[in-house]
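Below is one structure, written out as structure tokens; the observations come after it.
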Amino acid sequence: MKEFSNETRAENLQAMQNQELDLLVIGGGITGSGITLDAQSRGIQTGLVEMRDFASGTSSRSTKLVHGGLRYLAQFALKEVHEVGSERAIVYNNAPQITTPLKMMLPFYAGGTYGPFMTSVGLDVYDRLAGVKKSERKTMLEPNETVQREPYVKSDGLLGSGLYVEYRTDDARLTLEVAKKASELGALIANYTKVTDLLYDADGKVCGVKYEDMQSGETGEIHAKKVVNSCGPWVDDIRTIDGSNTGKHLHLTKGVHLVIDNAKFPISNSLFFDTPFHDGRMMFAIPREGKTYIGTTDTTWEEDPKEPNITVSDVTYILAAANQMFELPQKLTPDDVEAGWSGVRPLIQEEGKSPSEISRKDEIFQSDSGLLSIAGGKLTGYRKMAEKIVDLVGESLAETTDYTFQGQQTENLQLSGGDVGGDEGWSSYFDKMVHEGIVNYDLEREDAEKLVQRYGSNVADIYALLPDGEEKDGLPRVDWAMLQYGIKAEMVEHPIDYLLRRSSQMLFNINHMKEVKDGVINYMADFYNWDEATKKAMTDEVNTKLALTDLHEIKDAYAAHEA
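Oh and the sequence shown: position 340 is 340 in full-length UniProt numbering, straight run, nothing missing.
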């Protein structure tokens, strides 16, 4: 087991203070983690600080798809389709345990955005530009074939559908596995470390940061030759500190997704469909772990991006779209929603465009102080975004130090947990390790499958931690082992890190999460020797997030409105 723990974090913070780094990255989302991995793999000594937990912002609140870029076709952005399609294949090969190909159904209706001819042509172009394998290329279905494949899709006005391949991922774990790989290569990484100010040399060039350790309250300074600001929705905050938040700026938009048990929303296919409101929006409905999640909204957000709310109108909008698109056994109501998540997208402002029309392209800003900032972009393109900005860093270091410039090293670099033989070897590895979990560790098949799918080649470390008996320290044995691993190898500092981002229980197994949350909090309180005030703060954090996730207030407000 490779340690990535509370002790690692403390050692990394000390090490970052004791030297001048080549590069310091601010922000531990997918972009910052990707930059850190890219730079460290090129021999650039890199540090990363994140003010909360890894992927706690936008990077854990996406539609959880590694997109092939189909929607770019509508904008005739052919270069982007090619690039993200190629990147999708690379992400899958480097981390097949958290990147699952699935057939996506695109139904088309009279008067809809997509028709049979344009869909067929568009998917053909998409397949070729995105480099889709022959076995995964599009298939066109007649109306009767569409209904036969997905009986719950609305049949009235149905003209047929197209089938194409998208890749479902666990966005929070993808971010984490990128950060862990960077750590394995020698990057110095610390979560819960907030940048409070920037440092400048005598020439006015940025040369580091001041920080506050959000765990201990201690403060310090980190010096670096280059500083990259990859703070997602907070990019402009760092640019403001730098005095360089001029010209283009961020436009934040909010996206909401809802999770419903498959018994209430029993589709067996993933679908990408027009909302029935003639507002130009598209939605996804995606089965996962016995649930179906559906989204997203796209509205301007001007408040604190940490915890964007979910409103009654968000919920009714999504459910209305589902109820009009699918012929379900019963109409969906807010009471059927088990969980939901809301996040903001940091887009580059484009005057005169609605939130849905603003480009998802990334952009790099370089200030007079030398601060590099990157914003925009999508989960799928994280590796190319990293490559572009690290090229700039590497070129600068090569001019001013004895560093010899190297190009990207990540195209064939397996992420943590990805040592499974690539996408070609994943299936046999999965079967082998599931069998081992059942036979050697007395696991139920469902538990073994979930563990292998979540941890990939790191699952052997989880198996080794499984205790005898059904539970230990008040936790089911599987949760106990996962929590142990999270603390020792995934830098779990707060209970919410485990309950939400490491295990996804708060989203996709919320009833179980409610059963184990007190046990998780109690165990961590004992392990970290928290005082009562700290334990209460951690408990409040979990309960506050749970209230946002299970939508009790939304359900009560909806019921009152209906009454």
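Glycine included, each C-beta is placed from N, C-alpha and C at the ideal position.
On a predicted model such as this, the values are computed, not experimentally measured, just so you know.
If only uninterrupted beta strand (DSSP E) runs of at least 3 residues are considered, those enclosed by the region 91–129 are 99–109. According to DSSP, Thr139 shares a beta bridge with Leu163. Here Leu475 has Leu483, Val516, Gly519, Val520 and Tyr523 as same chain residues with Cβ atoms under 8 Å from its own Cβ, once five neighbours each way along the sequence are excluded. Counting other Cβ atoms within 10 Å of its Cβ, Pro329 stays below 16 and is therefore classed as exposed.
Ala547 has its alpha-carbon roughly 45 Å from the corresponding atom of Val121. Of the residues assessed, Asp540 falls on the exposed side of the cut-off, its CB having fewer than 16 other CB atoms within 10 angstroms. A contact between stretches requires three or more CB pairs, one per stretch, nearer than 8 Å, and the region 48–60 meets this requirement with the region 191–208. A straight line joining the alpha-carbon of Asp368 with that of Ser244 spans about 8 Å. Shown here, Met51 sits in coil according to DSSP, grouped into three states, outside any helix or strand.
Cα atoms of Arg502 and Gly486: separation of roughly 7 Å, rounded to the nearest angstrom. Setting aside the 5 residues that flank it on each side, Lys181 is surrounded in the same chain by Leu37, Leu415 and Ser416, each with a C-beta closer than 6 Å to its C-beta; the list follows chain order. Fewer than three Cβ pairs drawn from the region 15–24 and the region 168–181 lie within less than 8 Å of each other, which leaves the two stretches out of contact. As the crow flies, the alpha-carbon of Ala481 is around 16 Å from that of Glu436. In the three-state DSSP reduction, Tyr211 falls in the strand class (E or B).
Between the region 245–263 and the region 295–309, the count of C-beta pairs closer than 8 Å reaches three or more; the two stretches touch.
Gly111 counts as exposed, since fewer than 16 other C-beta atoms from the protein chains shown sit within 10 angstroms of its C-beta.
For His435, the enclosing alpha helix (DSSP H) has its first and last residue at Gly422 to Tyr441. As the crow flies, the alpha-carbon of Asp526 is around 26 Å from that of Leu507. Between Val209 and Val227 the beta-carbon gap is near 7 Å, inside 8 Å, which marks them as a contact. Across the structure, Pro287 and Ser270 are spaced so that their CA atoms are roughly 6 Å apart. Rounded to whole angstroms, the separation of the alpha carbons of Ala559 and Asp242 is 48 Å. By the neighbour-count criterion, in which 16 or more other beta carbons inside 10 Å mark a residue as buried, Gln453 falls on the buried side.
Excluding its 5 nearest sequence neighbours in each direction, Val165 has C-beta neighbours in its own chain below 6 Å: Pro101 and Glu136, listed in chain order. With a beta-carbon spacing of about 24 Å, Ile389 and Ile98 fall beyond the 8 Å limit used to define contacts.
The beta carbon of Thr300 sits closer than 8 Å to those of His251, Leu252, Thr253, Lys254 and Pro355, all from its chain and outside the five residues before and after it, given in chain order. The count of Cβ pairs closer than 8 Å, one atom from the region 194–206 and one from the region 369–381, reaches three, so the stretches are in contact. A contact is defined here as three or more CB-CB pairs under 8 Å, and the region 224–239 fails this definition with respect to the region 283–297. In this structure Lys225 is in contact with Leu23, their Cβ atoms being roughly 7 Å apart against a cut-off of 8 Å. In this structure, Glu184 and Gly381 do not form a Cβ contact; the two beta carbons are roughly 23 Å apart against a cut-off of 8 Å. Apart from sequence neighbours up to five positions away, the residues of its chain that approach Gln215 with a beta-carbon distance below 6 Å are Tyr192, ordered along the chain.
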